[in-house]
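Engineer: My questions will all concern the structure given below.
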Amino acid sequence: MTEASAPFAPDWVSPPGETIVDLLDERGWTQSELSARLGYSPKHVNQLIKGKVPLSEDAAMRLERVLGGNAGFWLAREAKYREHCARLEAARSHAGWVEWLEELPVKEMMSAGAIPKRRVDARNKPGIVEACLRFFGVATPEEWRDIYAGMHVSYRRSRTEQSDVGAISAWLRMGEEQAAVLDGPRYDKSRFQKALVSIRELTCEPPEVFEPRMRTLLQEAGVAFVLVPAIPRAHVSGVARWLAPTRPLIQLSLYGKTNDRFWFTFFHEAAHILLHASTREAKKSVFLDDPNDGHADDPAEHEANVWAGDWLIPPEYAPDLPSLSSRAAINAFARKIGVHPGIVVGRLQHDGLMPYATQLNALKEGLRFKGAGDE
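In the working numbering, the protein residues as written are 2 to 376.
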């Protein structure tokens with residue numbers, strides 16, 4: 002999509018009164034004569050012609066009888082005029098809200114396709130404000146602050162850098178829009194747990210195999226699963242939240258890219274859904290996670306980390322980890338427990354048993370998903 006200037010939108014529009022004046026001229030009537038025929042006062046007719054009073058259904062019926070045309074024509078003419086007036090007033094409001102754009106990752110939102118691409122200049126900023134309002138589904142920046150900026154009190158952050166509310170809210174909203182088009186039953190915890198068993202078995206498969214299967218398994222369990230392009234200033238690779246009391250969402254980006262981080266992040270978010278939503282109040286939490294940070298202070302984050310690590314590499318196999326130092330040993334261990342060897346390498350590095358700079362990183366795989374948007 003190429004950048005474009007704001008579309009041509011004339012700042013003028015004629016009220017239905019201009020059509021009335023044209024018809025008066027054709028007939029050679031004065032406004033006083035029209036008022037007598039309509040049964041309205043001369044003042045009311047004058048204000049009607051100037052667009053200072055709305056053209057009502059009653060006026061439309063009278064005009065139909067006196068000047069011709071049908072009532073629908075007159076009402077449509079009036080509606081078009083009032084709509085245009087409202088849009089002009091909205092445009093003036095948008096121009097007054099351009100400072101709001103400084104709170105949002107506008108260019109990143111354009112790159113992700115959340116809003117149309119335009120040059121971010123003085124001429125286009127009011128239109129960009131309107132596009133952002135439409136994207137967030139709010140009427141004014143104040144509603145955005147109440148709903149999305151206000152959500153920060155529900156954030157359970159895994160790192161202190163997750164403080165850019167505009168970037169985080171944009172990324173969360175992109176997930177909401179994707180989830181809105183997904184159908185599915187109510188959340189079923191038992192079915193979700195069974196789905197996680199099957200999904201763990203998919204870690205050795207390529208994305209084109211495991212992604213659609215994951216989506217199906219999660220959808221059948223009532224869990225929305227979406228992949229959303231990363232917004233760097235958000236410092237978020239995954240989120241677990243409840244869109245409704247019976248509608249959990251797991252949202253991931255490819256921030257981190259390698260399969261070990263992807264799978265750990267996914268199961269970490271799954272842990273939040275399973276472990277940290279026991280009450281309606283708990284379901285208001287929004288868990289923001291970054292697999293690059295392993296030192297979360299929040300007990301819920303620590304619990305989710307442990308659960309995900311144990312799910313991928315069960316505790317009974319953990320004693321074998323210190324002995325894994327070669328490609329062959331890692332591959333054999335991964336086959337034995339049924340996960341991708343890249344996950345084993347990631348665990349060894351996380352536990353300090355292997356340096357992050359190692360040739361065995363070749364066992365990890367970079368992930369790309371069609372349409373996910375992360376490069």
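All residues carry an ideal CB built from backbone N, CA and C; glycine is no exception. This structure is a prediction, so every number in the text was calculated from the model and none was measured.
Can you give me the C-alpha to C-alpha distance between L134 and P142, rounded to a whole angstrom?
Structural biologist: If I take the Cα positions, the gap works out to 7 Å.
Engineer: Beta-carbon separation of P106 and R234 under 8 Å?
Structural biologist: Yes; because the gap between Cβ atoms is below 8 Å, this pair is in contact.
Engineer: I need the boundaries of the alpha helix (DSSP H) containing P208, first residue and last residue.
Structural biologist: P208 -> alpha helix (DSSP H) spans 208 to 221.
Engineer: What does a CB cutoff of less than 6 Å around P356 pick up in its chain, not counting 5 residues either side in sequence?
Structural biologist: Here the set comprises nothing.
Engineer: Would you call the CB atoms of V340 and L313 closer than 8 Å?
Structural biologist: Contact: yes.
Engineer: Along the chain, where does the beta strand (DSSP E) containing V240 start, and where does it finish?
Structural biologist: Looking at the DSSP string, the run of the beta strand (DSSP E) that includes V240 is 239 to 245.
Engineer: Please state the DSSP three-state secondary structure of I344.
Structural biologist: In this structure, I344 counts as helix in the three-state DSSP scheme.
Engineer: With distances taken from CA atoms, which of G185, T204, V14, G114 is nearest F263?
Structural biologist: Of the listed residues, the one whose Cα sits closest to F263 is T204.
Engineer: I344 and D261: beta carbons closer than 8 Å?
Structural biologist: Contact flag set, yes.
Engineer: Quick one: what does DSSP say V307 is sitting in, helix, strand or coil?
Structural biologist: In the structure shown, V307 sits in a helix (DSSP, three-state: H, G or I).
Engineer: Do you know how far the Cα of S191 is from the Cα of V287?
Structural biologist: Whole-angstrom Cα-Cα distance: 22 Å.
Engineer: Expressed to the nearest angstrom, what Euclidean distance is found between the alpha-carbon atoms of D184 and Q220?
Structural biologist: Their backbone Cα atoms lie some 8 Å apart in a straight line.
Engineer: Counting only the same chain and skipping the five closest in sequence on each side, list residues whose C-beta sits under 6 Å from that of A168.
Structural biologist: Counting only Cβ-Cβ distances below 6 Å, and skipping sequence neighbours, we find P106, I232, R234, A235.
Engineer: How long is the line joining the alpha carbons of E317 and A333, rounded to whole angstroms?
Structural biologist: If I take the Cα positions, the gap works out to 16 Å.
Engineer: Who pairs with A225 in a beta bridge, going by DSSP?
Structural biologist: According to DSSP, A225 bridges with L250.
Engineer: Need the endpoints of the beta strand (DSSP E) that D290 sits in, please.
Structural biologist: It spans 287 to 290 - the beta strand (DSSP E) in which D290 sits, taken as one unbroken run.
Engineer: Looking at L49 and G18, is the spacing between their C-beta atoms short of 8 Å?
Structural biologist: For G18 and L49, yes; Cβs fall inside 8 Å.
Engineer: Could one say the Cβ of P356 lies closer than 8 Å to chain B's Cβ atoms, at least one of them?
Structural biologist: The structure shown contains no chain B; it is built from a single protein chain.
Engineer: Have a look at N306 and K126 and give me their C-alpha separation to the nearest angstrom.
Structural biologist: Looking at the two C-alpha atoms, the distance is approximately 43 Å.
Engineer: For L253 and L289, I'd like the C-alpha separation in whole angstroms.
Structural biologist: So the alpha carbons of these two residues sit roughly 10 Å apart.
Engineer: Do V227 and G176 have their CB atoms nearer than 8 Å?
Structural biologist: Against a cut-off of 8 Å, the Cβ pair of G176 and V227 comes out as a contact.
Engineer: Taking only three categories from DSSP, how would you classify R124?
Structural biologist: Note: R124 maps to coil in three-state DSSP.
Engineer: Compute the beta-carbon to beta-carbon distance between V130 and V99, rounded to the nearest angstrom, for a pair I have assumed lies under 8 Å.
Structural biologist: Their Cβ separation, rounded to whole angstroms, is 6 Å, which keeps V130 and V99 in contact under 8 Å.
Engineer: May I have the straight-line CA-CA distance separating E1 from G128, to the nearest angstrom?
Structural biologist: Given that the chain is displayed from residue 2 to residue 376, the structure contains no residue 1 and the question cannot be resolved.
Engineer: For the ligand PLP, I want to know if P17 counts as a neighbour, meaning its beta carbon is within less than 7 Å of at least one of the ligand's heavy atoms.
Structural biologist: Ligands in the displayed structure: none, and consequently the ligand PLP is not present.
Engineer: With distance defined between alpha-carbon atoms, name the residue in F268, T266, A301, S15 nearest to A283.
Structural biologist: Ranking the options by Cα distance to A283, first place goes to A301.
Engineer: For V240 and K108, what's the separation of their Cα atoms in angstroms?
Structural biologist: Computed Cα separation, rounded: 22 Å.
Engineer: Distance, Cα to Cα, D352 vs I200?
Structural biologist: C-alpha separation (whole angstroms): 24 Å.
Engineer: Output needed for A61: all residues of its chain with C-beta closer than 6 Å, excluding positions within five of it in sequence on either side, in chain order.
Structural biologist: Here the set comprises A72, W75, L76.
Engineer: Here's the rule: buried if 16 or more other CB atoms are within 10 angstroms of the residue's CB, otherwise exposed. What is S377?
Structural biologist: Past the edges of the chain, shown from 2 to 376, lies residue 377, and the structure says nothing about it.
Engineer: Out of A113, W308, R187, A196, which has the shortest C-alpha to C-alpha gap to R174?
Structural biologist: Answer by Cα proximity: A113.
Engineer: If the criterion is Cβ atoms closer than 8 Å, does the pair R281 and L322 meet it?
Structural biologist: Against a cut-off of 8 Å, the Cβ pair of L322 and R281 comes out as no contact.
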